[in-house]
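In what follows, a single structure is set out as structure tokens and then discussed.
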Amino acid sequence: MRKNITSYTVHLIASVQAGLAAQVLFKNNGLFVGRIDFYTGVDLPKSYLWHPNNANDENQTYLVLALSFDAFHAVTELLRNEAPWGLELWPVSSPMTGAATDGYAGKLYTTSEESIGEQEFDLQALRP
Numbered sequence: 147m148r149k150n151i152t153s154y155t156v157h158l159i160a161s162v163q164a165g166l167a168a169q170v171l172f173k174n175n176g177l178f179v180g181r182i183d184f185y186t187g188v189d190l191p192k193s194y195l196w197h198p199n200n201a202n203d204e205n206q207t208y209l210v211l212a213l214s215f216d217a218f219h220a221v222t223e224l225l226r227n228e229a230p231w232g233l234e235l236w237p238v239s240s241p242m243t244g245a246a247t248d249g250y251a252g253k254l255y256t257t258s259e260e261s262i263g264e265q266e267f268d269l270q271a272l273r274p
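Residue numbers (this note's numbering): 147 to 274.
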């Protein structure tokens, strides 16, 4: 499942020695679509699709990715410097039932193509 992202908020959790240390929450046009939980000092839990009200309604299914806190800087740099973004996570089993379904192949990605070789370049500036 893929979700487009138009905004995000970052939450750092104080005094964490082990466990959940930070979260990035994502919205698409003001509606919550998912989050990334960053953990430190513990084994990572599984990423999952959270569907507390209706497992069959994609609008009520939220993506929750679990990452090591070691990835926090890279993720926040991507968010600050690249846009627009998307979040992706696929259910391990189908149909989805209950309040949550384990997920796999989770990722945060940019949704627009970057041009290569179109940046202005001054060859004269390289000469001694």
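Ideal Cβ positions, reconstructed from N, Cα and C, are used throughout, including at glycine. Values in this document were obtained by computation on a predicted structure and should not be read as measured data.
Point to revise | Nearest residue (CA-CA) to GLY165, options TYR208, ALA212, LEU171, ASN199 | key: ALA212
Point to revise | Same chain only: Cβ atoms within 7 Å of PRO237, ignoring 5 sequence neighbours per side | key: LEU195, THR247, GLY249
Practice item. Might you give, ordered along the chain, the residues of its own chain that have their beta carbon closer than 6 Å to the beta carbon of THR257, omitting 5 neighbours on each side? Key: PRO230, GLY232
Review point. From ASN205, PHE215, LYS173, GLU259, pick the residue whose C-alpha is nearest to that of ILE159; which is it?
Key: PHE215
Exercise for review: State the Cα-Cα distance for the pair VAL221 and ALA245, rounded to the nearest angstrom.
Suggested key: 27 Å
Practice item. Give the DSSP bridge partners of GLN169, in chain order. Key: HIS157, ASP183
**Study point:** Buried/exposed call for SER193, threshold 16 Cβ in 10 Å
**Key:** buried
Review point. Beta carbon of ASN174, beta carbon of THR207: below 8 Å?
Key: no
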